[in-house]
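Working notes, structure below.
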Amino acid sequence: MRTDGEQWTLEQLQQLLDARFRPLAVVRFLLASQRRAACVRRARPEVARREALWATLGASAWLALAALRVDPFRGRLRPGLGGWAITVVMLDWHLGMLETPDGHSRNLGPADAATLIRAWLVPAVADRPSVALCAVGFATDALDGPLARASQPTRLGRDLEGFVDAAFTLAALRGARRRGWLDRPALAGEAVRVSVGLAYAVAAYFGRAAAPDPRVLRAGRAAAPVRAAGTILVGAGRRRLGGSLLVAGSMLSVALALSAAGSAAR
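Per the numbering used here, residue -11 is the first one in the sequence shown, and the count goes up by one each step.
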C-alpha cells in the first residue's frame, strides 16, 4: 500500500511523463516539489530545525578543516561548500519522503546522518580518495542500513541512498584516476556498475512513474565489501590488487542486479 507522500510523488512523475518532459512541465514539477517541501517544513518544524542544524554543522566542519589547513579540505573549500549546499537543497526538496513505509512521519535520524556524511565527503574524495576518507565513507554505508532498521526505514533512505552511494563512488574513482592510482579496467568496471544502477532507477522513476524495486537496488550490495576493500587498497598504493578486487566486485554486483531484475520481471 502506498503512502500519501508516495502517491503524490508518483502522480507528479506521471504528469511529467504524460507531458513528455516539456520545459514547462519540468518547471511545474520543480515548483510543485518546492511547494510541498515548504508545506512539510511548516507542518513539521522539528524536521526543519534539525535540517538547518545539520546544514550549519556541515558547512562549519568544512570551514574549520580548511582553516586548520587539513588536506584535501583546504584546497577544496569552494567545491566543498558548493557540494554541501547542493546536498542541503536536495534534502530540503525531499523532506516529504521522511515517512515510514506505513505512512508515519519521522524526523531526520542516525541513518540519514550516515548517508549525508558520505555526501559531505564527495568533494574531498574527488580530489584525494585517501584510505581514511574512503574508510569513513564505506563505514557509513555499512552502518546506515542497520541504523535505519533500528529506527524504522523511510522512503528517503530507501530511494535516495543509492544516488549518494553512486556520487561517492564516482568521486573517489575520479580522484584515484586523476592521481594515477587506478587502471582503466577497474574504472570501466565501476562505471558500468554505477551506470546500470542509475539507468534502472531513472527508468523506473521517469519511464514508468514507479519506485524502483528494492530487491533490485539491494541485489548488488552483497559485493560491496569486495569493492570497498578494492577502493581502500588503491588509496593505500596497492594498485594492482585493489584494481582486481574492484573489477571482480563490480562485475559481481552487475550480475546480481541483472539476475534480481529478471526475477522481479517474472
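Note that beta-carbon positions come from the ideal geometry of N, C-alpha and C, so glycine has one too.
A Cβ-Cβ contact shorter than 9 Å links Ile105 with Val124. A contact between stretches requires three or more CB pairs, one per stretch, nearer than 8 Å, and the segment 236 to 250 meets this requirement with the segment 214 to 225. For the pair Arg16 and Arg23, the Cα-to-Cα distance works out to about 10 Å. Below 8 Å, enough C-beta pairs join the segment 144 to 163 and the segment 73 to 85 to call them touching: three or more. One Cα belongs to Arg8, the other to Ser21, and the distance between them is close to 18 Å. CA-CA distance, Arg(-10) to Asp90, rounds to 8 Å. The three-state reading of DSSP puts Ser93 in strand, counting E and B together.
Nearest in C-alpha terms to Gly177, of all of Arg227, Gly225 and Ser232, is Ser232.
Secondary structure within the segment 197 to 223: the alpha helix (DSSP H) runs of 4 or more consecutive residues, fully enclosed, are 202 to 207 and 212 to 223 (chain order). In the DSSP assignment, Val182 falls within the alpha helix (DSSP H) that extends over Arg172 to Val190. By the neighbour-count definition (other C-beta atoms within 10 Å, threshold 16), Asp171 is a buried residue. For Ala154, same chain residues with a beta-carbon under 8 Å away, outside a window of 5 residues either side, are Val182, Gly185 and Leu186 in chain order.
Within the DSSP secondary-structure output, Glu87 pairs in a beta bridge with Ser93.
Taking the C-beta atoms as reference points, Ala197 is found nearer than 9 Å to Leu5. One thing to note: Ala207 has its Cβ within 9 Å of the Cβ of Ser247. Residue range Asp(-8) to Asp6 is occupied by the alpha helix (DSSP H) that includes Thr(-3). Distance from the Cα of Gln0 is smallest, within the candidate group Gly195, Val35, Leu135 and Leu65, for Gly195. CA-CA distance, Arg162 to Arg203, rounds to 28 Å. The beta carbon of Glu149 sits closer than 6 Å to those of Thr103, all from its chain and outside the five residues before and after it, given in chain order. Per DSSP, the continuous alpha helix (DSSP H) segment holding Gln22 begins and ends at Pro11 to Ala31. Judged by their CB atoms, Ala54 and Leu41 are not nearer to each other than the 9 Å cut-off. Taking 9 Å as the cut-off, the Cβ atoms of Ala138 and Pro98 count as close. Residues Ala99, Ala102 and Thr103 of the same chain have their beta carbon placed closer than 6 Å to that of Asp132, with the five preceding and five following residues left out of the count. Under the 10 Å beta carbon count, Arg116 is surrounded by 16 or more other beta carbons and is classified as buried. Between the beta-carbon of Leu175 and that of Arg165 there is about 6 Å, and that keeps the pair under the 8 Å contact cut.
Bounds of the alpha helix (DSSP H) holding Arg66 are Leu65 to Trp81. Taking all protein chains in view, the Cβ of Ala160 is crowded by 16 or more other Cβ atoms within 10 Å, so the residue is classified as buried.
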